[in-house]
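Novice: Numbering (this note's numbering), first residue to last: 845 to 974.
For reference, the structure I am asking about is given below.
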Amino acid sequence: MSGRHEAGAAADIGTIMRDMGQRARAAARVLAFASTHSKNKALLAAAMAIRAARADILAANIRDVDAARLAGRGESFVDRLALNDVRIDGIVTTLQAIAAFADPIGSVIAEWSRPNGLEISRVRTPLGVI
845 MSGRHEAGAA ADIGTIMRDM GQRARAAARV LAFASTHSKN KALLAAAMAI
895 RAARADILAA NIRDVDAARL AGRGESFVDR LALNDVRIDG IVTTLQAIAA
945 FADPIGSVIA EWSRPNGLEI SRVRTPLGVI
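The following block contains the structure:
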């Protein structure tokens with residue numbers, strides 16, 4: 845296990861997952877009200893940070909892959925876990941592509957009027973944490 849919880853790898857996985865979920869939920873509340881410009885800026889900054897930290901990410905991933913193999917994980921799991929330059933480039937390119945997409949939040953996807961005159965609109969809203 846690498847990253848934020850590496851030092852406490854023996855820590856209770858439930859505690860780690862609960863902490864991650866709480867932080868993700870808090871971030872989702874902030875992102876729900878973020879402007880398109882802010883979201884795109886964050887995506888591009890993440891792409892740049894990944895590109896800049898490529899060597900560190902790959903080194904940590906080697907440790908993760910080794911740990912997965914030692915734990916007896918299947919080869920298909922290990923393959924999905926493993927990173928290389930091509931996969932890192934793919935992550936960076938995908939983040940850049942997402943930043944280039946039109947932001948769907950706030951767009952009207954359906955509108956109709958009820959017989960009583962009530963106007964109804966279906967508007968895209970942030971989904972939250974997935």
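Note that beta-carbon positions come from the ideal geometry of N, C-alpha and C, so glycine has one too.
None of the values given here were measured: they were computed from a predicted structure.
Can you look up residue 862 in the DSSP assignment and give me helix, strand or coil?
Specialist: helix
Novice: Which whole-angstrom value describes the C-beta separation of residue 883 and residue 875, a residue pair presumed to lie in contact below a C-beta threshold of 8 Å?
Specialist: 7 Å
Novice: Pick from 948, 913, 880 and 937: whose alpha carbon is nearest that of residue 967?
Specialist: 948
Novice: DSSP three-state call for residue 954: helix, strand or coil?
Specialist: strand
Novice: Under the three-state reduction of DSSP, which class applies to residue 898: helix, strand or coil?
Specialist: helix
Novice: Tell me which residues share the same chain as residue 847 and place their Cβ nearer than 8 Å to its Cβ, disregarding the 5 neighbours each side in the sequence.
Specialist: Because residue 847 sits at a pLDDT of 49, beneath the cut-off of 50, its placement in the model cannot be relied upon, and the following sentence gives the value as read from the coordinates. Contacts found: 904.
Novice: Would you mind sorting residue 962 into buried or exposed? The rule is 16 or more other CB atoms within 10 Å of its CB.
Specialist: exposed
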